[in-house]
Structures are given as structure tokens and as C-alpha cells.
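Protein chains in written order, with my numbering: chain H, 7 to 159; chain G, 7 to 159.
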DNA sequence: AGTAAAATGATACAACATATCATTTTTGCT
DNA sequence: AGCAAAAATGATATGTTGTATCATTTTACT
């Protein structure tokens, strides 16, 4: 069984445990994100599903499906990039923390990382001092990935 | 002299030192941001300049002017909100660090804060371990401001 | 089978942003 | 002052992301 198929199995199990359905179209959108291995816009996913699976989904449906997948914690939205990416912890059983994303400003490659709790706490404290409350700190940072650093243009 | 006028004076000085021009239209866009005291979209600025100054700027020009103002470090773009906000340190003489923004997810109020160097360094270290390089870490975080926390709905 | 709920489709449009080419304004030079 | 080059701005079209709304289809359940 391919890696993608394994993840989809996990996703199906997780959905059924939550009493929701991972329908065919939802599965295809998630599969698209997993196969591509990168962040994609909703419209890119429309094209991908059409080309790869012959499934012509209207954009509206893709947005709804992405909303669903986000609620199930199977997909994250990258607000800096206006793109969506499959969660990299679908097969993990344990509950994983708030995701943090590094987005290469050159090649758009995205890495999902975990930031030390102590760092997040320091951040929260700074925010609190400014009179705000950091509820769910998904950080997104524009960076340069190593590969783009090396072949620097 | 009003506070806004004082800031504009500083901006003019800073531009002339850099050998660039703070034209009337650029001044109006910056004044709009300063007067409103909040983050605005480019199209909101088009309307604002029309209503307040009788200046009808096409959106394209506003975008160009915003680009200019960003290069001169007079305005920041909030990528999470797709809005623009006047830098809160225009009148400071000293070089100020990379800005960090808190955006209230309820009322959209924006606060520009400074995060401790040590916290930023801890963040940078985490990022480095993931094989990325955090060049200019402008963080933008969705939060709840105190006022929205209190009158919580 | 019949009905209610869930999912999906179709259509229109809103908001943000850029590409491109034309025109106007400013600058710097002689 | 007069002129050419550069800078700024205008005009127009279009691209990208996302939502509102109402219709239809599919699924679950009795």
C-alpha cells in the first residue's frame, strides 16, 4: 500500500470515529494535496482533481471540502500564502500541538514544524503585555529554505 | 501642528534624505493611513482619499504608492489581513527592528509590538533546525484584544 | 418507499492584486 | 528657457482568491 493510501486509511478511520464522512470527493481533494506534497490553492486543486482523477469539482465545492478537512484537522490553511496543505501528522495517533509553518519566499516550499513550548510561551507573554491574547498561535513565517539559500540567485 | 502633520514632516525629511520624493498623492495616502489610525485595504484607501481629500486615485496608483511607502519603511503590509498600516515608528530617529503585528480576529484592531530579541532568537534557532533561514521575521498573529476578550460574545 | 439531513452543483459576484501601455510631471542638462 | 530622460501617475483589462445564495443530488434512517 502506498504511503498516500496509508494516510487516507488513517483519515477515514479518524473521520468515522468523529461521526463524519470522508466522501469520495473529499478523499480526492485530500489525495491531491498528499500526492502533490505541497501547498496548493483551491483553484489549483480544482485543476489537479480534473487532470489526475477526471473529477470536475466546482471551486465552491473545493472550498467547502477544504473547510471540512480543516475542521477534521486533516488540512491546514496557510493564511500567508492563501494555500492549503495536508497535515503532516495524520498518521500520528497522539494529539499534536498547534502547527507552525515555514514558507520559502523563493520556491514556496512549505515545512510544518514544531516550536518549543518555551518559545511559544515567551511569545505569549510578549503578546499579553501588549494587551492581546494569543489564542491559537499558528505562526507562519516567510523564510528561505536551505536549497534556495545555497543556489542563491 | 497636529500629530499627523508632525509625522508627515518626519516622513518628508526621511524621504529627502534617501533621495526619493514624497509627492502629494503619496502624502495623501500616508495621511489617510495615519488619520484613520488603523489598517486599511488599498481599495478602502481609494475611498478614503476621495472622501477626505477629493483626490480620486485609481487603485493601481494606490498599490504603487503603497509599494513605495513600504520601501521607505513608512507603511507595513499585513499579509494576514491584506491590509496596510502606517508604521508606528516614523518619528523615531533610531533604526527600529522588525515589526510584529497582533491582529484581533474579532474587531480587526492591529497593534504593532516589539518582541524580545531573545524570543526572536529562540524562534530563529527552531527554524534553523528545520533547515530554513528566517531572514526578516515579521510575525503576524491572530489574537483577541483585551476589549474583545472582555465584551466577549 | 418516504423523508430529513448532508453533500454537492450552478451561478453570480465581491475583494484584492497585477500586467501593460499611455500620459503627465519632474528633473537635470545645455 | 528648451529639451530629453526619468519618474510618477492614469486607464484599462484581467487574474486570483473567496463568498453568497439557491437548486439539486445523495445518503441515512425509519
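Note that CB positions come from ideal geometry on N, CA and C, so glycine has one too.
Next on the checklist: Against chain H, which members of the region 116-137 of chain G pass a CB distance test of less than 7 Å?
Outcome noted: The residues in question are 117, 119, 121, 122, 125, 128, 129, 132, 133, 136 and 137.
Next on the checklist: Distance check for residue 40 of chain G and residue 28 of chain G, CA to CA, integer angstroms please.
Outcome noted: The residue given as residue 28 of chain G occupies position 22 in the second chain. The residue given as residue 40 of chain G occupies position 34 in the second chain. Between residue 28 of chain G and residue 40 of chain G, the C-alpha separation is close to 15 Å.
Checklist entry - Got a sec? Which residues, its chain only, sit under 8 Å from residue 48 of chain H by beta carbon, not counting five neighbours each side? => result Counting from 1 along the first chain, the entry for residue 48 of chain H is found at position 42. The beta carbon of residue 48 of chain H sits closer than 8 Å to those of 65, 68, 69, 72 and 90, all from its chain and outside the five residues before and after it, given in chain order.
Next on the checklist: Between residue 139 of chain H and chain G, is the shortest Cβ-Cβ distance under 8 Å, so that the two count as touching?
Outcome noted: Along the first chain, read from residue 1 onward, the residue named residue 139 of chain H stands at position 133. Residue 139 of chain H counts as touching chain G.
Next on the checklist: Cutting at 7 Å between CB atoms, please list the residues of its own chain near residue 34 of chain H, excluding the five before and the five after it.
Outcome noted: Position 28 of the first chain holds residue 34 of chain H. For residue 34 of chain H, same chain residues with a beta-carbon under 7 Å away, outside a window of 5 residues either side, are 55, 59 and 61 in chain order.
Checklist entry - If we count the other Cβ atoms within 10 Å of its Cβ and call it buried at 16 or more, is residue 32 of chain G buried or exposed? => result For this step, residue 32 of chain G is matched to residue 26 along the second chain. Buried, by the Cβ-count rule.
Item to check | Three-state secondary structure (DSSP) of residue 139 of chain H | outcome: For the purposes of this step, residue 139 of chain H is taken as the residue at position 133 of the first chain. In the structure shown, residue 139 of chain H adopts extended strand secondary structure according to DSSP, grouped into three states.
Item to check | Cut-off 8 Å between Cβ atoms - residues of its own chain near residue 121 of chain H, not counting five sequence neighbours on either side | outcome: Working through the first chain from its first residue, we reach residue 121 of chain H at position 115. Only 106 and 145 meet the Cβ criterion.
Checklist entry - Which of the three DSSP states, helix, strand or coil, is assigned to residue 98 of chain G? => result In the second chain, the residue the question calls residue 98 of chain G occupies position 92. DSSP, read as helix, strand or coil, puts residue 98 of chain G in coil.
Next on the checklist: Taking the alpha carbon of residue 36 of chain H as the reference point, which residue from H:154, H:9, H:8 and H:80 has its own alpha carbon closest?
Outcome noted: As a first step, residue 36 of chain H is located in the first chain; it is residue number 30 there, counting from the start. Nearest option by C-alpha distance: H:80.
Item to check | Contact list for the region 145-156 of chain G against chain H, Cβ threshold 7 Å | outcome: For the region 145-156 of chain G, the beta-carbon criterion of a distance under 7 Å to any beta-carbon of chain H is satisfied by 145, 147, 149, 150, 151, 152 and 155.
Checklist entry - Out of curiosity, what's the CA-to-CA distance linking residue 51 of chain G and residue 45 of chain G? => result Reading the second chain from its first residue, position 45 is the one you call residue 51 of chain G. Reading the second chain from its first residue, position 39 is the one you call residue 45 of chain G. The C-alpha of residue 51 of chain G lies about 10 Å from the C-alpha of residue 45 of chain G.
Checklist entry - Using 8 Å as the threshold, is the region 130-139 of chain H in touch with the region 8-20 of chain G, meaning 3 or more CB pairs across them? => result Taking a contact to require three or more Cβ pairs closer than 8 Å, the region 130-139 of chain H and the region 8-20 of chain G do not qualify as touching.
Checklist entry - CA-CA distance, residue 63 of chain G and residue 57 of chain G? => result Here the question's residue 63 of chain G lines up with position 57 in the second chain. Here the question's residue 57 of chain G lines up with position 51 in the second chain. In this model, residue 63 of chain G and residue 57 of chain G are separated by some 11 Å (Cα to Cα).
Checklist entry - With which residues is residue 89 of chain G paired in a DSSP beta bridge? => result In the second chain, residue 89 of chain G corresponds to position 83, counting from 1. In DSSP, residue 89 of chain G forms a bridge with G:84.
Checklist entry - What do you get for residue 83 of chain G, buried or exposed, if any count of 16 or more other CB atoms within 10 angstroms of its CB means buried? => result To locate residue 83 of chain G, count along the second chain from 1; it is residue 77. Classification of residue 83 of chain G: buried, given that the 10 Å Cβ count is 16 or more.
Item to check | Sub-8 Å separation of residue 149 of chain G and residue 140 of chain H beta-carbons | outcome: The residue you call residue 149 of chain G lines up with position 143 of the second chain. The residue you call residue 140 of chain H lines up with position 134 of the first chain. Going by C-beta atoms, residue 149 of chain G is nearer than 8 Å to residue 140 of chain H.
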